[in-house]
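Peer 1: Going down the list, the protein sequences come from chains A and B.
Mind the numbering: the first sequence is residues 41 to 383 in the working numbering, read in order.
Mind the numbering: the second sequence is residues 41 to 383 in the working numbering, read in order.
Just so it is clear, CB atoms sit at the ideal spot from N, CA and C, and this is done for glycine as well.
Small disclaimer: the values here were computed from a predicted structure and weren't measured.
There are 2 protein chains.
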Amino acid sequence: MVETIQWTDDGVVMIDQTRLPRVVEYVTCRDFREVAEAIRSMVIRGAPAIGVAAAMGVAIGVQKSNGTDFRAELEVICDTLAKTRPTAVNLFWAIDRMKQLALSMEGKPLAEIRQRLVEEACLVREEDIAINRAIGAHGAPLVPDGKRVLTHCNAGALATAGYGTALGVIRAAVEAGKKIAVFADETRPFLQGARLTAWELQQDGIDTTLITDNMAGHFLRAGTIGCVVVGADRIARNGDVANKIGTYSVAVLAKENGVPFYVAAPISTLDLTLSSGDLIPIEERAAAEVTHVFGVAVAPEGIGVANPAFDVTPNRYVTGIITEKGVAYAPYEESLPRLAASR
Amino acid sequence: MVETIQWTDDGVVMIDQTRLPRVVEYVTCRDFREVAEAIRSMVIRGAPAIGVAAAMGVAIGVQKSNGTDFRAELEVICDTLAKTRPTAVNLFWAIDRMKQLALSMEGKPLAEIRQRLVEEACLVREEDIAINRAIGAHGAPLVPDGKRVLTHCNAGALATAGYGTALGVIRAAVEAGKKIAVFADETRPFLQGARLTAWELQQDGIDTTLITDNMAGHFLRAGTIGCVVVGADRIARNGDVANKIGTYSVAVLAKENGVPFYVAAPISTLDLTLSSGDLIPIEERAAAEVTHVFGVAVAPEGIGVANPAFDVTPNRYVTGIITEKGVAYAPYEESLPRLAASR
Numbered sequence: 041m042v043e044t045i046q047w048t049d050d051g052v053v054m055i056d057q058t059r060l061p062r063v064v065e066y067v068t069c070r071d072f073r074e075v076a077e078a079i080r081s082m083v084i085r086g087a088p089a090i091g092v093a094a095a096m097g098v099a100i101g102v103q104k105s106n107g108t109d110f111r112a113e114l115e116v117i118c119d120t121l122a123k124t125r126p127t128a129v130n131l132f133w134a135i136d137r138m139k140q141l142a143l144s145m146e147g148k149p150l151a152e153i154r155q156r157l158v159e160e161a162c163l164v165r166e167e168d169i170a171i172n173r174a175i176g177a178h179g180a181p182l183v184p185d186g187k188r189v190l191t192h193c194n195a196g197a198l199a200t201a202g203y204g205t206a207l208g209v210i211r212a213a214v215e216a217g218k219k220i221a222v223f224a225d226e227t228r229p230f231l232q233g234a235r236l237t238a239w240e241l242q243q244d245g246i247d248t249t250l251i252t253d254n255m256a257g258h259f260l261r262a263g264t265i266g267c268v269v270v271g272a273d274r275i276a277r278n279g280d281v282a283n284k285i286g287t288y289s290v291a292v293l294a295k296e297n298g299v300p301f302y303v304a305a306p307i308s309t310l311d312l313t314l315s316s317g318d319l320i321p322i323e324e325r326a327a328a329e330v331t332h333v334f335g336v337a338v339a340p341e342g343i344g345v346a347n348p349a350f351d352v353t354p355n356r357y358v359t360g361i362i363t364e365k366g367v368a369y370a371p372y373e374e375s376l377p378r379l380a381a382s383r
Numbered sequence: 041m042v043e044t045i046q047w048t049d050d051g052v053v054m055i056d057q058t059r060l061p062r063v064v065e066y067v068t069c070r071d072f073r074e075v076a077e078a079i080r081s082m083v084i085r086g087a088p089a090i091g092v093a094a095a096m097g098v099a100i101g102v103q104k105s106n107g108t109d110f111r112a113e114l115e116v117i118c119d120t121l122a123k124t125r126p127t128a129v130n131l132f133w134a135i136d137r138m139k140q141l142a143l144s145m146e147g148k149p150l151a152e153i154r155q156r157l158v159e160e161a162c163l164v165r166e167e168d169i170a171i172n173r174a175i176g177a178h179g180a181p182l183v184p185d186g187k188r189v190l191t192h193c194n195a196g197a198l199a200t201a202g203y204g205t206a207l208g209v210i211r212a213a214v215e216a217g218k219k220i221a222v223f224a225d226e227t228r229p230f231l232q233g234a235r236l237t238a239w240e241l242q243q244d245g246i247d248t249t250l251i252t253d254n255m256a257g258h259f260l261r262a263g264t265i266g267c268v269v270v271g272a273d274r275i276a277r278n279g280d281v282a283n284k285i286g287t288y289s290v291a292v293l294a295k296e297n298g299v300p301f302y303v304a305a306p307i308s309t310l311d312l313t314l315s316s317g318d319l320i321p322i323e324e325r326a327a328a329e330v331t332h333v334f335g336v337a338v339a340p341e342g343i344g345v346a347n348p349a350f351d352v353t354p355n356r357y358v359t360g361i362i363t364e365k366g367v368a369y370a371p372y373e374e375s376l377p378r379l380a381a382s383r
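Okay, structure coming up:
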């Protein structure tokens with residue numbers, strides 16, 4: 041299995057997700073600014089993976105701090121990492137976790153703080169894999185046997201430290217002996233579905249059919265899809281879900297055709313401070329992602345472009361939210377805080 | 041203005057729609073097999089334009105027939121052209137019109153038949169432009185002033201002999217002084233929206249924003265879109281509409297958000313012989329259209345692909361069907377045959 045992100049003596053090693061699947065190449069980030077740039081440029085992407093990268097970014101930043109003003113240096117590191125991408129809350133969750141730990145050790149020998157932060161970043165990574173396994177275990181029973189599962193974007197091993205959230209549910213269902221085939225939306229503009237999900241599932245030998253995003257409705261209407269499972273970048277207290285652009289459309293089309301629509305995400309993706317998904321900031325990315333594909337122009341020069349990277353799916357379209365602590369159902373205002381507080 | 045298709049002494053000249061917008065090149069088809077190949081490979085596409093191409097294909101075929109067995113030669117020409125693409129009914133309508141005319145002249149001097157068929161093919165082309173102007177005139181009042189119009193695929197000058205059906209409605213609304221801006225779905229896999237619609241509208245100076253297909257729902261929900269206008273490849277007697285893959289999704293998302301969804305098409309796109317859209321044959325095209333963009337691979341080798349070129353939008357999502365004879369509303373079983381029979 042491919043490794044999305046690892047801590048090494050040389051730095052933070054990530055598989056370059058901008059070049060997959062045709063080029064399998066690893067990049068090494070040697071300071072926190074390189075980690076920040078890797079997040080910004082989507083060398084690494086996917087909310088949980090971004091969280092792990094941010095944790096490792098803080099750790100590597102503190103390794104190379106000169107220690108003259110620890111608190112100020114920590115602020116710069118955390119701010120730089122926080123300003124990379126606005127939507128996935130796991131980024132802020134991971135930075136905050138690392139920051140709180142560092143501040144709690146203030147006054148201790150720098151070498152000790154450094155060592156502890158590396159351990160914590162590696163723990164964030166290991167926990168994420170365990171969390172995904174638990175999400176898979178909770179989600180697998182929900183996947184209808186002998187039908188297709190539709191997924192959008194990549195919420196797989198590459199979007200996490202390993203195994204995946206939405207693809208973790210699919211993997212767990214397959215491991216449980218269910219006969220599952222997958223429809224993978226290609227997910228324009230960045231093509232995470234075509235480049236990453238199709239590749240991951242192909243490597244696992246899971247029957248996968250790649251479709252363009254605009255085919256999802258057609259196949260949902262055709263009746264061969266048993267359920268939809270997607271990941272999430274941020275989930276508001278009321279169960280509104282921010283996820284990759286196009287998720288809202290899939291959710292509406294699933295509901296219109298009576299197909300269950302599940303969101304699989306760790307508790308760290310919950311943002312209980314937001315009462316509604318309308319409050320989630322939506323990142324607008326560069327026009328070139330839409331007008332060019334692997335550097336090839338597909339649109340006339342100078343055309344206007346919109347490129348919101350995410351959309352918000354209102355809770356009424358969400359059949360259930362699968363977390364490592366169990367599955368939340370509506371009313372989410374009640375079930376999500378309860379689940380988050382449970383052990 | 042660009043010319044989609046023209047009859048010349050050298051043959052049928054078409055702008056090569058596989059290479060737009062970065063390369064503007066015209067190809068000349070010198071016999072009916074070349075016309076058939078141009079339709080099949082989507083050098084020319086769009087239901088009304090395919091109709092014109094087929095008419096000209098029959099005309100050029102008969103120009104070069106040797107006249108030993110006129111009826112048999114005509115059969116081969118018509119069959120070859122009819123086997124290019126299955127969904128757009130305008131293809132069969134145009135072939136049938138030309139064939140009936142040719143058969144009605146059987147026994148007359150071949151030179152006279154040839155001349156008459158060229159005239160008829162050119163008439164099909166000229167009529168199409170006039171039809172599009174009439175569609176525009178009927179549709180323009182339906183477009184809300186000061187809001188955006190969303191369109192999918194290309195139902196513009198390039199999809200017709202000129203002016204366009206859906207884009208004709210937009211052009212007519214702009215000509216009527218309405219302040220209209222357009223959202224153009226890029227329309228994967230063939231990218232007719234990015235390559236053709238964006239290019240056409242840019243040339244006309246109409247404010248256009250290119251979006252990926254999966255953004256349409258997000259913007260429909262955002263409330264800035266006043267209406268959706270699309271073309272059609274075949275409309276069943278009950279008002280079910282076959283159009284470019286993704287149209288169904290847009291229609292569902294429009295309805296879900298209270299946005300009117302209009303279909304603009306000539307009467308020749310009606311197939312009153314079919315009681316329901318479920319009977320319309322849906323073309324499945326090559327996997328490479330999905331896995332490659334302008335020859336660049338965007339998916340892992342060997343991945344399974346589905347590539348239905350069209351989908352069917354059930355009549356309950358269609359606010360109105362704009363034709364050259366007026367606008368049809370539900371119940372379409374009554375309004376469409378009445379409109380088709382009207383003068």
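Note the first and the last residue of the continuous beta strand (DSSP E) segment covering Asn-465/A.
Peer 2: Shown here, chain A extends from 41 to 383; a query on residue 465/A therefore has no answer.
Peer 1: Which same chain residues, not among the five before or five after Ser-105/B, have their C-beta less than 7 Å away from its C-beta?
Peer 2: Glu-113, listed in sequence order.
Peer 1: In terms of DSSP beta bridges, what is Cys-69/A paired with?
Peer 2: Bridge partners of Cys-69/A: Val-52/A.
Peer 1: In or out: Gln-57/A buried (at least 16 other Cβ within 10 Å) or exposed?
Peer 2: By the neighbour-count rule (16 or more Cβ atoms within 10 Å), Gln-57/A is buried.
Peer 1: Against Gln-242/A, what residues of chain B qualify as contacts under a CB-to-CB distance less than 8 Å, listed in chain order?
Peer 2: Ordered by position in chain B, the residues that pass the 8 Å Cβ test against Gln-242/A are Pro-340, Gly-342 and Ile-343.
Peer 1: To which residues of the same chain is Phe-72/B closer than 8 Å at the C-beta, ignoring the five residues directly before and after it?
Peer 2: Taken in chain order, the residues that qualify are Gly-97, Val-98, Ile-100, Gly-101, Lys-104, Ile-117, Thr-120 and Leu-121.
Peer 1: Does DSSP put His-192/A in a helix, a strand or coil?
Peer 2: Note: His-192/A maps to coil in three-state DSSP.
Peer 1: Apart from the five residues just before and just after Ile-135/A, which ones in its own chain have a Cβ nearer than 7 Å to its Cβ?
Peer 2: Around Ile-135/A: Ala-94, Val-98, Cys-118, Leu-121 and Ala-122.
Peer 1: Quick one: Cα of Thr-264/A to Cα of Lys-187/A, how far?
Peer 2: Answer to the nearest angstrom: the Cα atoms are 6 Å apart.
Peer 1: Counting along the chain, where does the beta strand (DSSP E) carrying Gly-266/B start and finish?
Peer 2: 265-270 is the extent of the beta strand (DSSP E) around Gly-266/B.
Peer 1: Of the choices Ala-327/A, Thr-309/A and Val-269/A, whose alpha-carbon is the least far from that of Ala-87/A?
Peer 2: The shortest Cα separation from Ala-87/A among Ala-327/A, Thr-309/A and Val-269/A belongs to Thr-309/A.
Peer 1: Leu-310/B bridges to which residues according to DSSP?
Peer 2: Paired residues: Ile-275/B.
Peer 1: If we count Cβ pairs, one from each stretch, closer than 8 Å, do we get three or more for the segment 247-264 of chain B versus the segment 195-207 of chain B?
Peer 2: With the cut-off at 8 Å, the segment 247-264 of chain B and the segment 195-207 of chain B do not touch.
Peer 1: In terms of alpha-carbon separation, which member of Phe-350/B, Gly-279/B, Ala-328/B and Val-330/B lies closest to Ala-370/B?
Peer 2: The option with the nearest alpha carbon to Ala-370/B is Gly-279/B.
Peer 1: Measuring only between beta-carbons, confirm whether Pro-126/B sits less than 8 Å from chain A.
Peer 2: False, the Cβ-Cβ gap to chain A never drops below 8 Å.
Peer 1: Where do the ends of the alpha helix (DSSP H) carrying Asp-318/A lie?
Peer 2: Run containing Asp-318/A: none; DSSP gives neither H nor E here.
Peer 1: Quick check: the segment 235-242 of chain A against the segment 342-352 of chain A, are at least 3 beta-carbon pairs closer than 8 Å?
Peer 2: Too few Cβ pairs lie closer than 8 Å, so no.
Peer 1: Does any C-beta atom of chain B lie closer than 8 Å to the C-beta of Val-63/A?
Peer 2: It does not: the Cβ of Val-63/A has no partner Cβ on chain B nearer than 8 Å.
Peer 1: By the 10 Å Cβ neighbour count, where 16 or more other Cβ atoms means buried, how is Pro-149/B classified, buried or exposed?
Peer 2: It is exposed - the Cβ of Pro-149/B has fewer than 16 other Cβ atoms within 10 Å.
Peer 1: Can you tell me whether Ile-175/A is helix, strand or coil according to DSSP?
Peer 2: Three-state DSSP puts Ile-175/A in a helix.
Peer 1: I want to see whether chain A comes within less than 8 Å of Val-270/B, judged by CB atoms only; does it?
Peer 2: Not one chain A Cβ lies under 8 Å of Val-270/B.
Peer 1: Between the Cα of Asp-49/A and those of Glu-65/A, Leu-143/A, Cys-162/A and Ser-144/A, spot the shortest distance and give me the residue it belongs to.
Peer 2: Of Glu-65/A, Leu-143/A, Cys-162/A and Ser-144/A, the residue nearest in Cα terms is Cys-162/A.
Peer 1: Got a sec: is the Cβ-Cβ distance from Ala-238/B to anything in chain A below 8 Å?
Peer 2: For Ala-238/B, the answer is yes, since a Cβ of chain A falls inside 8 Å of its Cβ.
Peer 1: Which chain A residues sit within Cβ distance under 7 Å of Asp-318/B?
Peer 2: Within chain A, no residue comes near Asp-318/B; the closest Cβ sits about 10 Å away, beyond 7 Å.
Peer 1: Cutting at 7 Å between CB atoms, please list the residues of its own chain near Ser-426/A, excluding the five before and the five after it.
Peer 2: Outside the displayed range of chain A (41 to 383) lies residue 426/A, so it cannot be described from this structure.
Peer 1: I want to verify the contact list: residues of chain A whose CB lies under 9 Å from the CB of Asp-253/B, in sequence order.
Peer 2: Result: Arg-228, Thr-252, Asp-253, Asn-254, Gly-286 and Ser-289.
Peer 1: Can you tell which of Tyr-203/B, Ala-326/B and Ala-262/B has its C-alpha closest to the C-alpha of Arg-125/B?
Peer 2: Cα-wise, what sits closest to Arg-125/B is Ala-326/B.
Peer 1: Could one say the Cβ of Gly-266/B lies closer than 8 Å to chain A's Cβ atoms, at least one of them?
Peer 2: Not an interface residue.
Peer 1: For Val-64/A, I'd like the list of residues in its chain whose CB is within less than 6 Å of its CB, leaving aside the five on either flank, ordered along the chain.
Peer 2: The answer is none, since no qualifying residue turns up.
Peer 1: Taking the straight line between their C-alpha atoms, what separation do you get for Arg-228/B and Val-333/A?
Peer 2: So the two alpha carbons sit approximately 12 Å from each other.
Peer 1: Is it the case that the Cβ atoms of Ile-320/A and Ala-380/A are separated by a distance below 8 Å?
Peer 2: Contact: no.
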